[in-house]
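4 protein chains.
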Amino acid sequence: MKVRIPKRQKGINTKQRILESAIRMFAQKGFYKTNTKEIASGAGVPVGSFYAYFKNKKDVLYASVDYYNTLIASNIINFQDTINYENLDIRSMLKQIVNNAIKAHQVLPDFHNEITFLINTDPKIKTNMEKSIQYATKKTEETLNKMKDSIRVKNTRISSVLINRTVEDFIHFIIYGKPEYDRNLLIDEFIDMLSCYLSKSQ
Amino acid sequence: MKVRIPKRQKGINTKQRILESAIRMFAQKGFYKTNTKEIASGAGVPVGSFYAYFKNKKDVLYASVDYYNTLIASNIINFQDTINYENLDIRSMLKQIVNNAIKAHQVLPDFHNEITFLINTDPKIKTNMEKSIQYATKKTEETLNKMKDSIRVKNTRISSVLINRTVEDFIHFIIYGKPEYDRNLLIDEFIDMLSCYLSKSQ
Amino acid sequence: MKVRIPKRQKGINTKQRILESAIRMFAQKGFYKTNTKEIASGAGVPVGSFYAYFKNKKDVLYASVDYYNTLIASNIINFQDTINYENLDIRSMLKQIVNNAIKAHQVLPDFHNEITFLINTDPKIKTNMEKSIQYATKKTEETLNKMKDSIRVKNTRISSVLINRTVEDFIHFIIYGKPEYDRNLLIDEFIDMLSCYLSKSQ
Amino acid sequence: MKVRIPKRQKGINTKQRILESAIRMFAQKGFYKTNTKEIASGAGVPVGSFYAYFKNKKDVLYASVDYYNTLIASNIINFQDTINYENLDIRSMLKQIVNNAIKAHQVLPDFHNEITFLINTDPKIKTNMEKSIQYATKKTEETLNKMKDSIRVKNTRISSVLINRTVEDFIHFIIYGKPEYDRNLLIDEFIDMLSCYLSKSQ
DNA sequence: GATGAATGAGGTTTCATTCAT
DNA sequence: CATGAATGAAACCTCATTCAT
Chain A
1 MKVRIPKRQK
11 GINTKQRILE
21 SAIRMFAQKG
31 FYKTNTKEIA
41 SGAGVPVGSF
51 YAYFKNKKDV
61 LYASVDYYNT
71 LIASNIINFQ
81 DTINYENLDI
91 RSMLKQIVNN
101 AIKAHQVLPD
111 FHNEITFLIN
121 TDPKIKTNME
131 KSIQYATKKT
141 EETLNKMKDS
151 IRVKNTRISS
161 VLINRTVEDF
171 IHFIIYGKPE
181 YDRNLLIDEF
191 IDMLSCYLSK
201 SQ
Chain B
203 MKVRIPKRQK
213 GINTKQRILE
223 SAIRMFAQKG
233 FYKTNTKEIA
243 SGAGVPVGSF
253 YAYFKNKKDV
263 LYASVDYYNT
273 LIASNIINFQ
283 DTINYENLDI
293 RSMLKQIVNN
303 AIKAHQVLPD
313 FHNEITFLIN
323 TDPKIKTNME
333 KSIQYATKKT
343 EETLNKMKDS
353 IRVKNTRISS
363 VLINRTVEDF
373 IHFIIYGKPE
383 YDRNLLIDEF
393 IDMLSCYLSK
403 SQ
Chain C
405 MKVRIPKRQK
415 GINTKQRILE
425 SAIRMFAQKG
435 FYKTNTKEIA
445 SGAGVPVGSF
455 YAYFKNKKDV
465 LYASVDYYNT
475 LIASNIINFQ
485 DTINYENLDI
495 RSMLKQIVNN
505 AIKAHQVLPD
515 FHNEITFLIN
525 TDPKIKTNME
535 KSIQYATKKT
545 EETLNKMKDS
555 IRVKNTRISS
565 VLINRTVEDF
575 IHFIIYGKPE
585 YDRNLLIDEF
595 IDMLSCYLSK
605 SQ
Chain D
607 MKVRIPKRQK
617 GINTKQRILE
627 SAIRMFAQKG
637 FYKTNTKEIA
647 SGAGVPVGSF
657 YAYFKNKKDV
667 LYASVDYYNT
677 LIASNIINFQ
687 DTINYENLDI
697 RSMLKQIVNN
707 AIKAHQVLPD
717 FHNEITFLIN
727 TDPKIKTNME
737 KSIQYATKKT
747 EETLNKMKDS
757 IRVKNTRISS
767 VLINRTVEDF
777 IHFIIYGKPE
787 YDRNLLIDEF
797 IDMLSCYLSK
807 SQ
């Protein structure tokens with residue numbers, strides 16, 4: 001049976017509510033422990049409606065990832081736009097970037113965590129996530145190129161790949177890692193690491 | 203039904219074969235998509251035997267994680283022992299450590315990924331994995347302390363936490379990230395980053 | 405909800421379009437694998453409209469069978485009317501009849517098959533089909549009676565029942581049977597059989 | 607999940623009971639109106655057992671057709687062997703063949719009816735049924751060849767195809783056709799038709 | 001003890017029909 | 001009216017675990 005493309009406002013709302021319920025559930029209990037009936041009733045609709053708007057459970061997962069990526073991307077862009085790169089030294093700039101990224105990821109922290117590991121299970125999610133990462137990497141590379149004279153790295157392409165991934169992983173660690181160690185100390189240490197790596201002279 | 207503790211060699215072999223079959227399956231298809239019958243028949247035994255050696259499906263998972271941690275740990279230790287820290291500069295040492303870690307993780311790359319996914323599902327696995335990480339972190343801290351005079355980091359505790367996690371994540375990236383970028387270039391860049399962070403003078 | 409009886413041309417067209425869509429679908433995928441939404445969208449109308457013109461799914465099926473029977477009957481009659489019985493020997497006449505029947509059935513070959521399948525599921529369809537058959541049988545009987553002197557069969561009633569059924573089944577065979585054997589040879593042989601049976605002297 | 611191949615007698619019995627229940631149900635209510643739970647409970651087992659032995663509903667249908675074909679084939683062979691062709695005129699021989707075929711088909715009359723129409727829905731069933739028919743046709747051809755001198759048909763190949771199909775269809779008619787007309791009269795008329803077609807002189 | 005058959009709860013998915021807008 | 005969203009019963013199928021032989 002084909003999925004329904006909502007035409008009236010009511011249908012659009014229902015679809016959105018189901019999607020949000022799915023994201024909530026996946027974040028809370030993980031993909032495999034969530035069942036479609038729960039997703040539906042979490043959105044206040046019967047199962048039938050779930051299958052009216054989504055082909056199957058995988059389908060909502062894909063939609064959720066899409067939704068999440070778009071959300072994070074727009075968040076990061078919004079935050080990044082507030083940074084005034086001109087007046088900042090590298091260390092301060094890094095601090096802002098990392099803090100912004102943390103903020104951006106805190107919209108749906110557990111969902112992020114859930115999909116990070118589904119990535120390797122499902123090629124569709126992988127492709128989807130890679131697109132987001134590529135976009136972010138390109139942005140970083142542009143920034144590095146602008147600063148080329150004041151930084152020590154030469155291969156800005158490979159460097160931006162490394163930085164992006166490292167920042168992403170670190171944020172993941174900060175958000176999900178147990179708080180045994182002082183968060184701020186860790187962040188400072190991390191920024192110190194990046195700053196050493198990027199700054200021409202210490 | 204009590205779980206059987208194998209006493210003769212035959213029983214030990216059977217249990218081990220089931221465990222290995224489980225690890226293989228979990229790595230290939232993930233925990234939730236693997237069923238006990240498959241695990242059993244992958245080991246060449248009937249389902250009944252599975253339940254003779256393991257309480258339930260979760261039980262093999264725990265055993266698998268234990269087994270994996272022990273394996274990786276002993277692998278890393280074996281590799282690490284071959285390093286002669288005395289004669290090495292920081293950069294060469296880091297190179298060795300990273301390469302060893304990559305080698306150590308390549309024993310069962312997909313299983314590692316699966317566990318990372320399951321950590322959030324099961325507190326027992328979380329605890330178990332954390333123990334391994336703590337052990338590794340402690341080792342790193344000891345090493346850093348020995349080198350205290352020749353490195354720039356001061357808080358060796360927080361630094362070792364950061365390094366361990368960063369290395370771990372980077373290896374994960376190297377193993378699962380698609381090889382769009384030159385692996386060796388990425389590794390060199392990563393080592394460069396760590397080296398800048400650790401070395402007193404560049 | 406009452407079934408709407410269309411009064412203006414627009415409504416009549418819609419009902420007809422739904423009916424034709426249903427016949428098409430039933431023929432292609434069978435009654436049980438076709439759903440009302442498909443029928444509706446095949447006619448370019450929303451499901452709601454389907455239920456405006458037909459009480460339920462069974463209802464279109466009945467209408468389809470009716471429509472089909474009428475269609476075939478009028479087809480056969482049209483074809484039959486072109487035969488000039490006066491100038492023909494039995495063999496030539498049979499040839500014309502069989503060929504006409506084949507042509508008549510080729511309008512919706514798969515739908516015919518589907519109905520045959522459903523006959524056993526639904527008494528209404530059975531009755532409906534039987535009426536058509538009775539009508540055809542009566543026609544055959546009349547023809548046989550007219551030719552009584554030149555044919556060898558005596559009980560024209562039982563003979564027309566046999567002939568009708570045999571022709572019907574043979575056509576079904578010709579249309580659905582795989583073409584491993586030469587179609588024309590088979591038709592000739594079949595006509596030979598009927599002709600031997602009917603002709604007084606060979 | 608793979609289907610189970612029963613190794614112990616108990617399992618073999620269970621599978622057979624499920625198969626027989628399925629045949630019974632399909633015959634009574636038709637394929638689409640029978641559900642797997644019913645089939646299972648008709649065999650006195652839970653659904654799980656059904657799916658242990660059969661991949662899905664279609665799978666039992668295939669198995670049922672196989673089983674049925676084998677049954678009919680052995681029945682026909684048994685009956686046919688009792689005919690002493692030497693001492694019989696064509697008419698008596700035909701009478702025996704038709705009567706035997708009717709008897710053979712009465713093992714599971716409704717099931718035969720059900721699958722006849724599923725044939726065109728499912729290629730697997732089609733192939734399967736065609737094999738049986740080809741076998742029967744070959745047998746008929748051999749018989750015709752033996753009698754070549756005393757019969758009027760020349761192309762025994764095409765003739766046997768026609769005869770087999772015609773007999774099959776007629777039996778179907780006799781068994782499922784409503785008894786409005788005298789069965790024995792119809793059979794006699796049918797034999798008359800075949801006999802005219804086959805006999806050299808009437 | 002070893003085997004593989006049995007169990008059935010629980011998950012996924014479909015769709016005829018109704019009904020609100 | 002016309003539309004398409006909502007409903008939920010009922011079908012399909014899976015599998016961890018137990019248990020009889």
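Chains as they are written, first to last, in this note's numbering: chain A, 1 to 202; chain B, 203 to 404; chain C, 405 to 606; chain D, 607 to 808.
Think of the CB as a built atom: it goes at the ideal place given N, C-alpha and C, for glycine as much as any other residue.
Being a predicted model, the structure only gives us computed values, none of them experimental.
Practice item. Compare the C-beta of Val363 (chain B) against all C-beta atoms of chain A and say whether one is closer than 8 Å. Key: Numbered from 1 along the second sequence, position 161 holds the residue referred to as residue 363 (chain B). It does: the Cβ of Val363 (chain B) has a partner Cβ on chain A nearer than 8 Å.
Point to revise | Short CB-CB distance (under 8 Å) between Glu405 (chain B) and chain A | key: Only positions 203 to 404 of chain B appear in the structure, and residue 405 (chain B) is not among them; the question remains open.
Review point. By how many angstroms is the C-alpha of Asn78 (chain A) removed from the C-alpha of Ala199 (chain B)?
Key: In this structure chain B extends from 203 to 404, so residue 199 (chain B) is not present and cannot be described.
Exercise for review: Just mark Glu720 (chain D) as buried or exposed, buried being the case when its beta carbon has 16 or more other beta carbons within 10 Å.
Suggested key: Locating residue 720 (chain D) in the fourth sequence gives position 114, where the first residue counts as 1. So Glu720 (chain D) ends up on the buried side.
Check your understanding: Is Ile321 (chain B) helix, strand or coil by DSSP?
Key -> Within the second sequence, residue 321 (chain B) is the residue found at index 119, counting from 1. Ile321 (chain B) falls in the coil class under three-state DSSP.
Review point. What's the C-alpha gap between Thr127 (chain A) and Phe111 (chain A)?
Key: Here residue 127 (chain A) corresponds to residue number 127 of the first sequence, with the count starting at 1. Here residue 111 (chain A) corresponds to residue number 111 of the first sequence, with the count starting at 1. Using only the alpha carbons, I get a separation of about 18 Å.
Point to revise | Residues of the segment 721–732 of chain D whose Cβ lies closer than 9 Å to any Cβ of chain C, in chain order | key: Thr722, Phe723, Leu724, Ile725, Asn726, Thr727 and Lys732
Practice item. Flag this pair as yes or no: are the beta carbons of Tyr674 (chain D) and Leu714 (chain D) separated by less than 8 Å? Key: Within the fourth sequence, residue 674 (chain D) is the residue found at index 68, counting from 1. Within the fourth sequence, residue 714 (chain D) is the residue found at index 108, counting from 1. Yes; because the gap between Cβ atoms is below 8 Å, this pair is in contact.
Check your understanding: Arg587 (chain C) CB to nearest chain D CB: under 8 Å?
Key -> As a position in the third sequence, residue 587 (chain C) is number 183, starting the count at 1. No, Arg587 (chain C) lies away from the interface with chain D (no Cβ there is under 8 Å from its Cβ).
Practice item. For my contact list, Glu189 (chain A) and Ile360 (chain B) are in at a C-beta cut-off of 8 Å; report their separation, rounded to the angstrom. Key: Taking the first residue of the first sequence as position 1, residue 189 (chain A) is located at position 189. Taking the first residue of the second sequence as position 1, residue 360 (chain B) is located at position 158. Right, the Cβ-Cβ distance comes to about 5 Å (below 8 Å), so this counts as a contact.
Practice item. Tell me whether the beta-carbon of Leu296 (chain B) lies closer than 8 Å to the beta-carbon of Ile373 (chain B). Key: Working through the second sequence from its first residue, we reach residue 296 (chain B) at position 94. Working through the second sequence from its first residue, we reach residue 373 (chain B) at position 171. It is not a contact, given that the beta carbons lie outside the stated cut-off.
**Study point:** Min CB distance Met597 (chain C) to chain D below 8 Å
**Key:** Indexing the third sequence from 1 puts residue 597 (chain C) at position 193. Yes - at least one Cβ of chain D is within 8 Å of the one on Met597 (chain C).
Check your understanding: Taking Cβ positions only, does Asn315 (chain B) come closer than 8 Å to chain A?
Key -> Here residue 315 (chain B) refers to the residue found at position 113 when the second sequence is read from its first residue. Chain A contact via Cβ: present.
Check your understanding: Quick one, are the C-beta atoms of Val167 (chain A) and Val98 (chain A) less than 8 Å apart?
Key -> Residue mapping note: residue 167 (chain A) aligns to position 167 of the first sequence, counting from 1. Residue mapping note: residue 98 (chain A) aligns to position 98 of the first sequence, counting from 1. Contact: yes.
Check your understanding: How about Ser536 (chain C) and Ala467 (chain C): do their beta carbons lie closer than 8 Å?
Key -> Against the third sequence, residue 536 (chain C) aligns to sequence position 132. Against the third sequence, residue 467 (chain C) aligns to sequence position 63. Not a contact, by the Cβ cut-off of 8 Å.
Review point. What does Thr772 (chain D) touch in chain C if you count any residue whose Cβ is under 9 Å from its own?
Key: Stepping through the fourth sequence from its first residue, residue 772 (chain D) is reached at position 166. In chain order: Thr570, Asp573, Phe574, Phe577, Phe594 and Met597.
Review point. If you draw a straight line from the alpha carbon of Glu344 (chain B) to that of Thr272 (chain B), how long is it in whole angstroms?
Key: Locating residue 344 (chain B) in the second sequence gives position 142, where the first residue counts as 1. Locating residue 272 (chain B) in the second sequence gives position 70, where the first residue counts as 1. Looking at the two C-alpha atoms, the distance is approximately 20 Å.
Check your understanding: Do you know offhand how far Met129 (chain A)'s Cα is from Val161 (chain A)'s?
Key -> Residue mapping note: residue 129 (chain A) aligns to position 129 of the first sequence, counting from 1. Residue mapping note: residue 161 (chain A) aligns to position 161 of the first sequence, counting from 1. Approximately 14 Å, taken between the alpha carbons.
Review point. Name the chain A residues that come within less than 8 Å of Tyr270 (chain B), Cβ to Cβ?
Key: Mapped onto the second sequence, residue 270 (chain B) falls at position 68. What Tyr270 (chain B) touches in chain A: nothing, since even the nearest Cβ is about 16 Å away.
Point to revise | Min CB distance Gly434 (chain C) to chain D below 8 Å | key: Locating residue 434 (chain C) in the third sequence gives position 30, counting from the first residue. Cβ-Cβ to chain D under 8 Å: yes for Gly434 (chain C).
Review point. For Leu221 (chain B), which option in B:Asp268, B:Ile353, B:Gly250 and B:Tyr234 has the closest C-alpha, if you only look at C-alpha atoms?
Key: Sequence index remark: in the second sequence, residue 221 (chain B) carries index 19 (1-based). The option with the nearest alpha carbon to Leu221 (chain B) is B:Asp268.
Point to revise | For Lys437 (chain C) and Val451 (chain C), believed in contact at Cβ under 8 Å, the rounded distance | key: Here residue 451 (chain C) corresponds to residue number 47 of the third sequence, with the count starting at 1. Here residue 437 (chain C) corresponds to residue number 33 of the third sequence, with the count starting at 1. Going by Cβ atoms, the distance from Val451 (chain C) to Lys437 (chain C) rounds to 17 Å, so no, they are not a contact pair.
Check your understanding: Of all the CB atoms in chain D, is at least one closer than 8 Å to the CB of Ile562 (chain C)?
Key -> Taking the third sequence and counting its residues from 1, the one referred to as residue 562 (chain C) is at position 158. Yes, because at least one Cβ of chain D sits closer than 8 Å to the Cβ of Ile562 (chain C).
Point to revise | Range covered by the alpha helix (DSSP H) that runs through Glu180 (chain A) | key: As a position in the first sequence, residue 180 (chain A) is number 180, starting the count at 1. Looking at the DSSP string, Glu180 (chain A) is not in any alpha helix (DSSP H), and its letter there is neither H nor E.
Check your understanding: Does any CB atom of chain B fall closer than 8 Å to the CB of Tyr197 (chain A)?
Key -> The residue given as residue 197 (chain A) occupies position 197 in the first sequence. True, the Cβ-Cβ gap to chain B drops below 8 Å.
Practice item. Over the uninterrupted alpha helix (DSSP H) stretch that includes Asp268 (chain B), give me the two end residues. Key: Working through the second sequence from its first residue, we reach residue 268 (chain B) at position 66. Looking at the DSSP string, the run of the alpha helix (DSSP H) that includes Asp268 (chain B) is Lys259 to Asp283.
Check your understanding: Are any of the Cβ atoms in chain A nearer than 8 Å to that of Leu388 (chain B)?
Key -> Here residue 388 (chain B) is taken as the residue at index 186 of the second sequence, counted from 1. For Leu388 (chain B), the answer is yes, since a Cβ of chain A falls inside 8 Å of its Cβ.
Check your understanding: Who does Ser401 (chain B) pair with in a DSSP beta bridge?
Key -> Within the second sequence, residue 401 (chain B) is the residue found at index 199, counting from 1. Answer is B:Ile353.
Point to revise | Cα-Cα separation between Asp182 (chain A) and Ile175 (chain A), rounded to whole angstroms | key: To locate residue 182 (chain A), count along the first sequence from 1; it is residue 182. To locate residue 175 (chain A), count along the first sequence from 1; it is residue 175. One C-alpha to the other measures close to 12 Å.
**Study point:** Residue burial classification, Ile557 (chain D) (beta-carbon count within 10 angstroms, cutoff 16)
**Key:** Residue 557 (chain D) falls outside the range modelled here, since chain D spans only 607 to 808, and no answer is possible.
**Study point:** Cβ neighbours of Asn13 (chain A) in the same chain (closer than 7 Å, five flanking residues each side left out)
**Key:** Within the first sequence, residue 13 (chain A) is the residue found at index 13, counting from 1. Taking Asn13 (chain A) as the centre and dropping the five residues before and after it, the same chain places no C-beta closer than 7 Å to its C-beta.
Practice item. Quick one: grab the DSSP three-state call for Phe776 (chain D). Key: Position 170 of the fourth sequence, counted from the start, is the residue given in the question as residue 776 (chain D). Phe776 (chain D): helix per DSSP, three-state reduction.
Review point. With a cut-off of 8 Å, does the C-beta of Tyr539 (chain C) fall near any C-beta of chain D?
Key: Taking the first residue of the third sequence as position 1, residue 539 (chain C) is located at position 135. No, Tyr539 (chain C) lies away from the interface with chain D (no Cβ there is under 8 Å from its Cβ).
**Study point:** Extent of the continuous alpha helix (DSSP H) to which Thr640 (chain D) belongs
**Key:** Stepping through the fourth sequence from its first residue, residue 640 (chain D) is reached at position 34. Here Thr640 (chain D) belongs to no alpha helix (DSSP H), and DSSP marks it neither H nor E.
**Study point:** Reduced DSSP secondary structure (H/G/I, E/B, other) of Asp291 (chain B)
**Key:** Counted from its first residue, the second sequence places residue 291 (chain B) at position 89. Coil.
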